[in-house]
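To start, the structure under review is shown below, and the notes come after it.
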Amino acid sequence: MAALDKASVVAVIGSGAMGSGIAQVAAAAGHTVKLYDTRAEAVHKAIADIAKVYQKLVHKERMSAADAQAATARLQAADGLAGMADAALVVEAIVENLDVKRSLFADLEGIVGDECILATNTSSISVTAIAARLRRPQRLVGMHFFNPVPLMALVEVISGLATEPAVAETVSDTAVAWGKNPVYAKSTPGFIVNRVARPYYAEGLRLLNEQAADAATIDAVMREAGGFRMGPFELMDLIGHDVNYSVTQSVFNAYYSDPRFTPSVIQQELVNAGFLGRKSGRGFYAYGDGAVVPPAQSEAAQARPEYVSYSVEPGASGASCVTDAVLARFQERGIAVTLRKASEAHGHAAAIVQEHAPAFHCNGAAVYLTDGRSATQRAADNKHPDTVVFDLAYDYGKATRIAIAAADQCSASAYSAVVGLFQAAGFAVTKLDDVPGLAVMRTVAMLANEAADAVNQGVCSAQGADVAMQKGVNYPRGPLAWADAVGVDRIATVLGNLAAAYGEDRYRVSPLLRRKQASGAKFHA
Ligand code: NAI
Numbered sequence: 001m002a003a004l005d006k007a008s009v010v011a012v013i014g015s016g017a018m019g020s021g022i023a024q025v026a027a028a029a030g031h032t033v034k035l036y037d038t039r040a041e042a043v044h045k046a047i048a049d050i051a052k053v054y055q056k057l058v059h060k061e062r063m064s065a066a067d068a069q070a071a072t073a074r075l076q077a078a079d080g081l082a083g084m085a086d087a088a089l090v091v092e093a094i095v096e097n098l099d100v101k102r103s104l105f106a107d108l109e110g111i112v113g114d115e116c117i118l119a120t121n122t123s124s125i126s127v128t129a130i131a132a133r134l135r136r137p138q139r140l141v142g143m144h145f146f147n148p149v150p151l152m153a154l155v156e157v158i159s160g161l162a163t164e165p166a167v168a169e170t171v172s173d174t175a176v177a178w179g180k181n182p183v184y185a186k187s188t189p190g191f192i193v194n195r196v197a198r199p200y201y202a203e204g205l206r207l208l209n210e211q212a213a214d215a216a217t218i219d220a221v222m223r224e225a226g227g228f229r230m231g232p233f234e235l236m237d238l239i240g241h242d243v244n245y246s247v248t249q250s251v252f253n254a255y256y257s258d259p260r261f262t263p264s265v266i267q268q269e270l271v272n273a274g275f276l277g278r279k280s281g282r283g284f285y286a287y288g289d290g291a292v293v294p295p296a297q298s299e300a301a302q303a304r305p306e307y308v309s310y311s312v313e314p315g316a317s318g319a320s321c322v323t324d325a326v327l328a329r330f331q332e333r334g335i336a337v338t339l340r341k342a343s344e345a346h347g348h349a350a351a352i353v354q355e356h357a358p359a360f361h362c363n364g365a366a367v368y369l370t371d372g373r374s375a376t377q378r379a380a381d382n383k384h385p386d387t388v389v390f391d392l393a394y395d396y397g398k399a400t401r402i403a404i405a406a407a408d409q410c411s412a413s414a415y416s417a418v419v420g421l422f423q424a425a426g427f428a429v430t431k432l433d434d435v436p437g438l439a440v441m442r443t444v445a446m447l448a449n450e451a452a453d454a455v456n457q458g459v460c461s462a463q464g465a466d467v468a469m470q471k472g473v474n475y476p477r478g479p480l481a482w483a484d485a486v487g488v489d490r491i492a493t494v495l496g497n498l499a500a501a502y503g504e505d506r507y508r509v510s511p512l513l514r515r516k517q518a519s520g521a522k523f524h525a
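Sequence positions in the sequence shown follow the numbering used here and run 1 to 525.
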């Protein structure tokens, strides 16, 4: 199968935010594009706006003047569906309503040729259901673009139960020809992105609900340690709480109230109040004149400790990749890092190394990468009160912030030494309340778990899941590649400990993660 010929006519039904973006991309790729909308003025506005965008691209030297003129000339306003008879592909981007979409496609079937591909840009309705009453349901496929269409590379190509594979392939190849990055998905609630991304918002909301820190502080941790472009709260404010809450509810309902997708009462209250985010001037943050962005909380400067030591369990293979990266940063910043045999370490260390060697010791504090237990729990398990845990970072060498939590039993002096240590290594240090799994680790573990389940259920491939999250929502790394990098075993351990800490099915480990853990295999070879 190959992409649609450039000479083929593409029809776009609906000229709102999505339809006009799709028309812009298709016309720029060389197709004659026929635009239709029940509101004729929407079509004319879309064409005028697209022409302006092309002109801007000419000014930025990203499009030639001749190409801009030709692409603009290829945009045609249609005054009814009858004009779509010669289309090879129809992309529907109308109101998100099953009955209205079904009726549109039924009308189109009476107009277009048998070979014409019918595509829906729905973000939440079953592609199978939209196709169900068609004469030829095999030619209907999901072509799910992301907003803003010209800037977001991802297109989810979604097959319903009846969709012919060749149709999905043509749409995928055509998306490539349009400069997009398509991934295949099976028609299931939320498809890939709107399902796998749920924990990004949900874990943030739970952290806030449990008073781990305020929204601005959690956002800063997710950006500056996690490497995400936006923290969950500023992102939800941008998306709009009405939209984000309704997507969460729809996925939750569609999966028969699976606790993994439980909506948050915090978000429900924002919707109740009409605090919808940027568009209403208030969400987690205030917007508009005089609004100030609250600062992220960081610990006050503490004295730099003289050295850190790490102990390796006799016979163990040595420090983990994370420990290596953190210790390397300490060393780079001139902090002495010494290796001690477990037997020489502080009296308590022998007990500690029986579970996992801590990342390191600092002034009597045992410091661990979080494994999903709270620091308090870990201190109790190890009978070592001075326990501090630190969060995952996307890149320990470059992160500007790190989140840590101290056990309730931890002495102030041991805690301060650990703060001083991370500060000496150039991190802003955020103290989270002692929540299990901290912020980045807990979120990444849940993202990887959801992606693993989608793969396990045949919704998409591991590669597809990772590409979707990088290209659809700009994650710094695909969740499964992230699990590979951190260690699948570690991710499964974090989830298992979260499940134990909360006693909730929400944190159950995906069978595919368990399987990779048992075999030692990675998601990506
Ligand atoms: P929009 O409200 O900006 O535009 C929809 C347009 O469709 C309006 O101009 C409306 O007049 C027109 N319309 C409604 N019923 C029609 C019909 N029967 N025939 C012809 N035109 C009709 O909506 P938007 O945001 O562009 O969304 C369109 C579709 O794309 C929806 O299915 C939505 O779920 C989906 N989508 C939206 C995304 C977003 O971020 N806005 C992202 C991905 C998908």
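Beta carbons: idealized from backbone N, C-alpha and C, even for Gly.
In chain order, what residues of the same chain lie with their CB nearer than 8 angstroms to the CB of residue i, ignoring the 5 residues before and after it?
i, result
"G347", "Confidence at G347 is low in this model, with a pLDDT of 43, below 50, so its placement is unreliable and no value can be given for it."
"V440", "V221, M222, A225, G226, D391, L392, A393, Y394 and A403"
"A286", "V292"
"E164", "Q138 and R139"
"G80", "Y36"
"T262", "A202, F252 and R506"
With hydrogens ignored, establish whether the beta-carbon of residue i is closer than 7 angstroms to any heavy atom of the ligand NAI.
i, result
"H144", "yes"
"S123", "yes"
"M84", "no"
"R133", "no"
"V193", "no"
"A77", "no"
"R39", "yes"
"V389", "no"
"S15", "yes"
"Y54", "no"
"Y36", "yes"
"E96", "yes"
"G458", "no"
"A42", "yes"
"G19", "yes"
Spatial neighbours of residue i within its chain, please: CB distance less than 7 angstroms, with the 5 preceding and 5 following residues excluded, ordered by chain position.
i, result
"Y54", "M63, A68, A71 and T72"
"A483", "A448, I491 and F523"
"I352", "Unreliable placement is indicated for I352, whose pLDDT of 36 sits below 50; the coordinate value is still reported in the next sentence. So the list reads P358, A366, N382 and H384, once near-sequence residues are dropped."
"R74", "A27, H31, T32 and V33"
"S172", "V157, P182 and Y184"
"N474", "R229"
"A499", "Y507 and R508"
"Q354", "Below a pLDDT of 50, predicted positions are generally treated as unreliable, and Q354, at 39, falls in that range; no measurement from the model is reported."
"P148", "G21"
"L118", "V90, F105, L108, R139 and L140"
"V455", "S461, A462, A465 and L512"
"G530", "Since the first and last residues shown for the chain are 1 and 525, residue 530 lies out of range."
"V527", "The question about residue 527 has no answer, for the chain in this structure spans 1 to 525."
"L4", "A88, L89, T170 and T174"
"G426", "R333"
"A325", "Y396 and G397"
"P527", "With the chain covering 1 to 525 only, the question about residue 527 has no answer from this structure."
"A414", "N363, G364, A365 and D386"
"S317", "For S317, the predicted model reports a pLDDT of 43, less than 50, meaning its position is unreliable; a value from the coordinates is still stated below. Contacts found: none."
"V176", "A3 and P182"
Considering only residues of the same chain and omitting the five flanking positions on each side of residue i, which have a CB-CB separation below 6 angstroms?
i, result
"I125", "L98"
"D219", "G231, F233 and E234"
"S416", "Q302"
"G190", "V251"
"S544", "Missing from the structure shown is residue 544; the chain here goes from 1 to 525 and no further."
"T128", "G160, L161 and S187"
"A78", "K34 and Y36"
"G372", "P436, G437, V494, N497 and L498"
"Q517", "V488, D489 and A492"
"Y502", "none"
"A378", "Position check: residue 378 holds Arg in this sequence, whereas Ala was assumed. Within the same chain, R378 has close Cβ partners T387."
"G277", "D237, G240, H241 and G283"
Let me see if you follow: with CB-CB separation under 8 angstroms, is residue i close to chain D or not?
i, result
"S124", "Protein chains in the displayed structure number just one, and chain D is not present."
Tell me, please, whether the stretch 449 to 463 touches the stretch 358 to 365 by the rule of three or more beta-carbon pairs shorter than 8 angstroms. Contact between the stretch 449 to 463 and the stretch 358 to 365 is absent: fewer than three C-beta pairs spanning the two stretches fall below 8 angstroms.
Can you give, in chain order, each stretch of the alpha helix (DSSP H) that sits fully within the stretch 192 to 251 and has at least 4 residues? Taken in chain order, the whole alpha helix (DSSP H) runs of length 4 or more contained in the stretch 192 to 251 are 193 to 196, 198 to 209, 215 to 224 and 232 to 239.
The stretch 25 to 42 touching the stretch 9 to 17, judged by at least three CB pairs closer than 8 angstroms: These segments touch.
3 or more residues per run - each beta strand (DSSP E) lying fully within the stretch 64 to 148: For the stretch 64 to 148, whole beta strand (DSSP E) runs of length 3 or above, ordered along the chain, are 75 to 77, 87 to 92, 117 to 120 and 140 to 145.
What alpha helix (DSSP H) runs, 4 residues minimum, are completely inside the stretch 364 to 412? Within the stretch 364 to 412, the runs of alpha helix (DSSP H) at least 4 residues long that lie entirely inside it are, in chain order, 375 to 382.
Within the stretch 436 to 472, note down every full alpha helix (DSSP H) run reaching 4 residues or more, in order along the chain. Here the runs fully enclosed are 440 to 456.
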